[in-house]
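K.L.:
Here it is, the structure in full.
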Amino acid sequence: MPTQDAEALALLQGTLDLLILRTLVFGPRHGQGIARAIEQTSGQVLLVDHGSLYPALQRLERRGWISAAWGTSSAGRRARFYTLTAAGRKQLGREHTRWQRLSEAVGRILTLEPEA
Amino acid sequence: MRRRSPEDFAAEIASHLAHEADGRGAAGAERAFGNTLQAQERFWESTRWWPAWVRALGRDARLGLRRMRRTPGATLAALTVLALGLAAALVVYAAADVLVLGGLPYPAAQRLMLVSTATTPPAAGDQLSSDDFADLLRLAHSFAALAGISPVWDNVADAVGAQPAERIPTLFVSAALGPMLGVRPQRGRWFTASEDRAGAPAAVAVISDHLWRQRWGGRDPAVGQTLRIGGQPITIIGVLPADFHYLGEPLAGTAGRVEMWMPLALNPLMQTPRSLRWINVLALRRADVAAARARQEIATLGGNLARQYPAQDGGLTYSAVGFADWVRAPHRPAMMLLLGAVGLLLLLACAGVANLLLEQAIARRPEMAMRRALGASRPRLLRQLATEHLVLAGLGTALGAAGAGAILRGLTPWAPPQLFAGRLPALDLHLLAVAALALVATALGFGVAPAWTALRERSAAPALITGGLGRLRGALVAVQIALALALLIGAGLLLTAFLRVTSISPGFDAAHAVSLSTQLPSTATTLPQRLAGDQRLLAQLTALPGIAAVGLVSRLPLSGKSLSSELWPEGKTYAAGHQPEVQYRVASSGYFRALGVPRIAGEGFSSRDDTDTTFASTRVLINQAAAQQFWPGESAVGHRVQFGAQPKGNWATIIGVVGNVKADGLDAAARPTVFRPLAYSALGAPIVVARTGHDTAAVLQEIEADIHRLDPEMPVYNAASMGDLLAQSLAQRRLLLLLLGVFAVAGTLVAVVGVYAAMAQSVARRKRELALRLALGAPPARLGREVLAQAALVSAAGLTAGIVLALLLARLLRSLLFETSPVSPGIYAAAAFGLGLIALAAALLPARRAARTQPSTALRDLG
Chain U
11 MPTQDAEALA LLQGTLDLLI LRTLVFGPRH GQGIARAIEQ TSGQVLLVDH GSLYPALQRL
71 ERRGWISAAW GTSSAGRRAR FYTLTAAGRK QLGREHTRWQ RLSEAVGRIL TLEPEA
Chain V
8 MRRRSPEDFA AEIASHLAHE ADGRGAAGAE RAFGNTLQAQ ERFWESTRWW PAWVRALGRD
68 ARLGLRRMRR TPGATLAALT VLALGLAAAL VVYAAADVLV LGGLPYPAAQ RLMLVSTATT
128 PPAAGDQLSS DDFADLLRLA HSFAALAGIS PVWDNVADAV GAQPAERIPT LFVSAALGPM
188 LGVRPQRGRW FTASEDRAGA PAAVAVISDH LWRQRWGGRD PAVGQTLRIG GQPITIIGVL
248 PADFHYLGEP LAGTAGRVEM WMPLALNPLM QTPRSLRWIN VLALRRADVA AARARQEIAT
308 LGGNLARQYP AQDGGLTYSA VGFADWVRAP HRPAMMLLLG AVGLLLLLAC AGVANLLLEQ
368 AIARRPEMAM RRALGASRPR LLRQLATEHL VLAGLGTALG AAGAGAILRG LTPWAPPQLF
428 AGRLPALDLH LLAVAALALV ATALGFGVAP AWTALRERSA APALITGGLG RLRGALVAVQ
488 IALALALLIG AGLLLTAFLR VTSISPGFDA AHAVSLSTQL PSTATTLPQR LAGDQRLLAQ
548 LTALPGIAAV GLVSRLPLSG KSLSSELWPE GKTYAAGHQP EVQYRVASSG YFRALGVPRI
608 AGEGFSSRDD TDTTFASTRV LINQAAAQQF WPGESAVGHR VQFGAQPKGN WATIIGVVGN
668 VKADGLDAAA RPTVFRPLAY SALGAPIVVA RTGHDTAAVL QEIEADIHRL DPEMPVYNAA
728 SMGDLLAQSL AQRRLLLLLL GVFAVAGTLV AVVGVYAAMA QSVARRKREL ALRLALGAPP
788 ARLGREVLAQ AALVSAAGLT AGIVLALLLA RLLRSLLFET SPVSPGIYAA AAFGLGLIAL
848 AAALLPARRA ARTQPSTALR DLG
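Same order as they appear, the protein sequences are chains U and V. In my numbering, each residue's number is its place in the first sequence (first place is 1) plus 10. In my numbering, each residue's number is its place in the second sequence (first place is 1) plus 7.
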């Protein structure tokens, strides 16, 4: 497990799917690009277990939320590019709402002041 | 989505690593990625479409197979034992199913009864006369139908064009027989009651599928065709299905196929008087009448007939027996023996497998405890254990079933047709299921349970096992030895009996002797005509090159066929109804030389006995058995005798005594027999016996061709060498011996594997203990002796139990043993000694291993 940074957070199960979908909103990316985008956007806080990334992509592709095609990366290498599908966009909306409700709820519990 | 190929996935991972390496260098990329193999593994799992549990099962099965490969010895032993036991059980059950257990292939088989008569004193034949049968038909009320069946009739279809005359074995039967047996002709129909009536307008017949195919090539127009028998036209009205099988052939006096069925009323014997008994009666009991009442009614009616016609039916008792029982009776002792043997062998196999698996399970306790300690869940371990043993039992079952299939196919040429009567034994799926279940249960019980108990113990420390064999395992080995010994003793007894029977001389010289049957043309009706025909035949065959001697006879030895006559020796009187019977034969002068029957006293038939009827009518030969019975202690030659129910003063003088010839099989005593000359009673259906110097098959062909050249109206059948007939008469005994022998060998093998495996594993398990004792100064030879002593102890217990078991079971063998005592100490001792020796030999290798234990390595390995 790549944990150079003790502060880095392992991804909560189930959140990886959401983050992948979210990352793809900005256009097609290949697997390594997705991982890098998540890590960079989160300010290096969220580390993607790359061994889990591809099974997750596999899963999303099978559900029809993303589609894939081989292309050439900016580095000039062949890579498999993933694109968000219409169904994936819808799913992202649902997931997004769900996640916000969840994080709000968790946030409330955590910030709850002990009653005086 | 189309399924992705693993190559495509691998390419993507490679692309990822390359992108990553652009930033961090290759090693860093891999580190960042984690385990690529694992990722690929997960990819695999995600792409499979079958449910997770199937995958898990597959994985466990693969694990099981891998374990088997790691312990090839134990696996091979277990598989051998499983497969052997199962295969033997399947083969014998298949045979028993055909011979004894399965139902008769008739819809109302359970209600079929055979009505027969018996005379006091007992005489050959248990048939009824036409009049008796007619009375029964009229008077018996317990039966839905009664059918009369004639003895087999050698009808001869006349030659047509190039086709020579052909014998067609025929039964004359009541019209009621068809519906009674549920016969449904594949073409045409069965005959009706109106066709089975005296003076029926046209003669009709139903033919077998075999005859249809052979004579009409299986083409449709057989029905409606006419067959000429002795010039008389017979219309074929039906063809029986190929799988129809009449089980009453022995009743009809034949072991061969019945090819044609004709109405009983057409039989020329129908008009014979009440004293001539020739009809077999098969009856269908009414569904609402108990078997006991039906038997009672037959006995009562028979009693009435005997009182009503004392001259003809006096001394006659009637009885009815279940047809199925009657058909099965001859095979019952043999099949029961084999079924018992199968039971023993299956038990043996189960004990063997149990022992092997038990040892493995014990050996795996530490492994199980370790895996448990490392976090494997108990259901997970149990599932894996169960799967492993299921794989083992499954493989064993598959091997066993395949082996049984192969044996059954291989056995087919050995299976005497007269024994299996056309229906060959086949794999029985029910038994396969039951046996496989038993084996799986054994495998699971003795393989999984002991290892499972280890899982209750939480610590990873190996369960402490006491030295030696352990009580349960010792007992299992002893059981195997006991069962194997019982099988060996059984086989030994049968072998002794077999050798004793085969060492009996048939009374003739079978080597280079051949025989075949023929019939004179139907135009030969008078005695002079028949005699001329016989003489022509003899002259023709004598002229054939390569034939040393040739003769004609009315009945062949070993055929079990009987034709008897009452004998009236001059000067001896017997109580009424107690006149002695002798077997009655007609033979030409060359018969005795052709068959190689020795002359004991007096002279033989001369060539004049073959030609001169007046001269021949006063001359008779008898065999030794007759000479001893009627003229004990004196020469029979010169005494005069008469024959028949009421002698009319036609005295014949005994001119010589010939050696006994076995008529009913080697294991039956020779019966008193008389021979009359050919010229006295010329044969319409002579059996040719010839002695030749060379190849018997070629000679038979030559004789057959020669007879067809002589007269195409003469059929040729039952061509065989006398050696083949001799072998055939031993067929059942040989098959039985073969099967039991196979069982005994298989049983011994299983037991030996058991002893070896138990001792070897015990030594392996005690390695540390043995090493310690060696290190403390115990002499190595003593350790070896200890192992041997242990094997000897277990074997001795097993052998003792085996002898007791054999003593109990051998009584059941008695009827098959022919003059061999079921308690012959020699056989018991030899079998026990031999098996004991083999068991000790099997323990020798483990004993040597024990003696050669290297204390240093053993202690290091296990310390």
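Note that the Cβ used here is the ideal one computed from N, Cα and C, for glycine as well.
From the beta carbon of Ala79 of chain U, is the nearest beta carbon of chain V less than 9 Å away?
P.N.:
Not one chain V Cβ lies under 9 Å of Ala79 of chain U.
K.L.:
Name the DSSP beta bridge partners of Asn287 of chain V, please?
P.N.:
V:Ile156.
K.L.:
Where Glu19 of chain V and Arg69 of chain V are concerned, what is the direct C-alpha to C-alpha distance, given to the nearest angstrom?
P.N.:
The alpha-carbon atoms of Glu19 of chain V and Arg69 of chain V are separated by roughly 30 Å.
K.L.:
First and last residue of the beta strand (DSSP E) that includes Ala79 of chain U?
P.N.:
Element bounds for Ala79 of chain U: 76-82.
K.L.:
How should Arg302 of chain V be labelled, buried or exposed, when 16 other C-beta atoms within 10 angstroms of its C-beta is the threshold for buried?
P.N.:
Its Cβ being crowded by 16 or more others within 10 Å, Arg302 of chain V is buried.
K.L.:
Would you tell me roughly how many angstroms separate the C-alpha atoms of Arg74 of chain V and Gly103 of chain U, rounded to the nearest one?
P.N.:
So the two alpha carbons sit approximately 51 Å from each other.
K.L.:
Chain V beta carbons: is any one of them nearer than 9 Å to that of Ala96 of chain U?
P.N.:
No - not a single Cβ of chain V is within 9 Å of the one on Ala96 of chain U.
K.L.:
Against chain U, does Ala445 of chain V count as a neighbour if the rule is that its beta carbon must be under 9 Å from one of theirs?
P.N.:
Not one chain U Cβ lies under 9 Å of Ala445 of chain V.
K.L.:
Could you work out which residue in V:Ala210, V:Leu820, V:Leu756, V:Leu777 is closest to Gly843 of chain V when comparing CA atoms only?
P.N.:
It is V:Leu756.
K.L.:
How big is the Cα-Cα spacing for Gly691 of chain V and Ala94 of chain V?
P.N.:
Taking the straight line joining both Cα atoms gives about 51 Å.
K.L.:
Assuming the contact rule is C-beta atoms closer than 8 Å, Leu144 of chain V and Val122 of chain V should be a hit. Round their C-beta distance to whole Å, please.
P.N.:
With a Cβ gap of about 11 Å, Leu144 of chain V and Val122 of chain V do not count as contacting.
K.L.:
Please determine, among V:Leu323, V:Lys655, V:Arg507, the residue with the shortest C-alpha to C-alpha distance to Leu283 of chain V.
P.N.:
The option with the nearest alpha carbon to Leu283 of chain V is V:Leu323.
K.L.:
Closest Cβ-Cβ distance between His23 of chain V and chain U: below 9 Å?
P.N.:
Yes, because at least one Cβ of chain U sits closer than 9 Å to the Cβ of His23 of chain V.
K.L.:
Closest Cβ-Cβ distance between Arg88 of chain U and chain V: below 9 Å?
P.N.:
Yes, Arg88 of chain U counts as interfacial toward chain V.
K.L.:
Note down, in chain order, each residue of its chain lying with its Cβ closer than 7 Å to the Cβ of Pro576 of chain V, except the 5 sequence neighbours on either side.
P.N.:
Here the set comprises Phe637, His646, Val648.
K.L.:
With a CB to CB cut of under 7 Å and the five nearest residues on each side skipped, what residues in its chain are close to Leu402 of chain V?
P.N.:
Contacts found: Leu86.
K.L.:
Under 9 Å between C-beta atoms, does Glu14 of chain V make it to chain U?
P.N.:
Not an interface residue.
K.L.:
So the beta strand (DSSP E) Glu5 of chain V belongs to, where does it begin and stop?
P.N.:
Coverage of chain V is limited to positions 8 through 870, which leaves residue 5 of chain V absent and any answer about it impossible.
K.L.:
Can you tell me where the beta strand (DSSP E) holding Glu610 of chain V begins and where it ends?
P.N.:
From DSSP, Glu610 of chain V is part of no beta strand (DSSP E); its letter is neither H nor E.
K.L.:
Taking buried to mean at least 16 other C-beta atoms within 10 Å of its own C-beta, is Ala20 of chain U buried or exposed?
P.N.:
Residue placement at Ala20 of chain U is flagged as unreliable, the pLDDT there being 48, under the threshold of 50; the coordinate-derived value follows with that caveat. Counting Cβ neighbours within 10 Å, Ala20 of chain U comes out exposed, since fewer than 16 surround it.
K.L.:
Mind the definition here: the region 559-566 of chain V touches the region 606-613 of chain V only if three or more C-beta pairs lie below 8 Å; say whether that holds.
P.N.:
Verdict: no, contact absent.
K.L.:
Consult DSSP for His40 of chain U and reduce its assignment to one of helix, strand or coil.
P.N.:
Here His40 of chain U sits in strand by DSSP.
K.L.:
Taking the alpha carbon of His585 of chain V as the reference point, which residue from V:Ala804, V:Gly321, V:Tyr591, V:Ala531 has its own alpha carbon closest?
P.N.:
When each option's Cα is compared against that of His585 of chain V, the closest is V:Gly321.
K.L.:
With contact counted as at least three CB pairs below 8 Å, one residue from each stretch, are the region 164-183 of chain V and the region 717-731 of chain V in contact?
P.N.:
Judged by Cβ distances under 8 Å, the region 164-183 of chain V makes contact with the region 717-731 of chain V, as three or more pairs qualify.
K.L.:
Starting from the beta carbon of Gln42 of chain U, find every residue of chain V whose beta carbon is closer than 7 Å, and list them in chain order.
P.N.:
Simply His23, His26, Glu27.
K.L.:
Assign His871 of chain V to one of two classes, buried (16 or more other C-beta atoms within 10 Å of its C-beta) or exposed (fewer than that).
P.N.:
Summary: the structure shown does not reach residue 871 of chain V, with chain V confined to residues 8 through 870, and so no result is reported for it.
K.L.:
Using a Cβ-Cβ cut-off of 9 Å, state whether Glu776 of chain V counts as contacting chain U.
P.N.:
Output row for Glu776 of chain V: interface = no.
K.L.:
Pairs of beta-carbons, one from the region 489-499 of chain V and one from the region 801-817 of chain V, closer than 8 Å: are there three or more?
P.N.:
A contact exists between the region 489-499 of chain V and the region 801-817 of chain V.
K.L.:
So that I know if they touch, is there some Cβ in chain V lying closer than 9 Å to that of His127 of chain U?
P.N.:
The displayed coordinates of chain U run from 11 to 126. Any statement about residue 127 of chain U would go beyond what the structure contains.
K.L.:
Can you find the residues in the same chain that come closer than 7 Å, C-beta to C-beta, to Arg507 of chain V, ignoring five residues on each side of it along the sequence?
P.N.:
Correct list, in chain order: Phe825, Glu826, Thr827.
K.L.:
Just reading off the beta strand (DSSP E) that Arg588 of chain V is part of, what are its end residues?
P.N.:
Residue 588 of chain V is actually Glu in this sequence, not Arg. Glu588 of chain V -> beta strand (DSSP E) spans 588-594.
K.L.:
Who are the neighbours of Ala85 of chain U on chain V, taking C-beta pairs under 9 Å?
P.N.:
Within chain V, the residues near Ala85 of chain U are Ala25, His26, Asp29.
K.L.:
Taking the alpha-carbon of Arg740 of chain V as reference, which of V:Met377, V:Leu781, V:Met342, V:Val627 has the nearest alpha-carbon?
P.N.:
Of the candidates V:Met377, V:Leu781, V:Met342, V:Val627, the one whose C-alpha sits nearest the C-alpha of Arg740 of chain V is V:Met342.
K.L.:
Using 9 Å as the limit for Cβ to Cβ distance, is Gln68 of chain U near chain V?
P.N.:
For Gln68 of chain U, the answer is yes, since a Cβ of chain V falls inside 9 Å of its Cβ.
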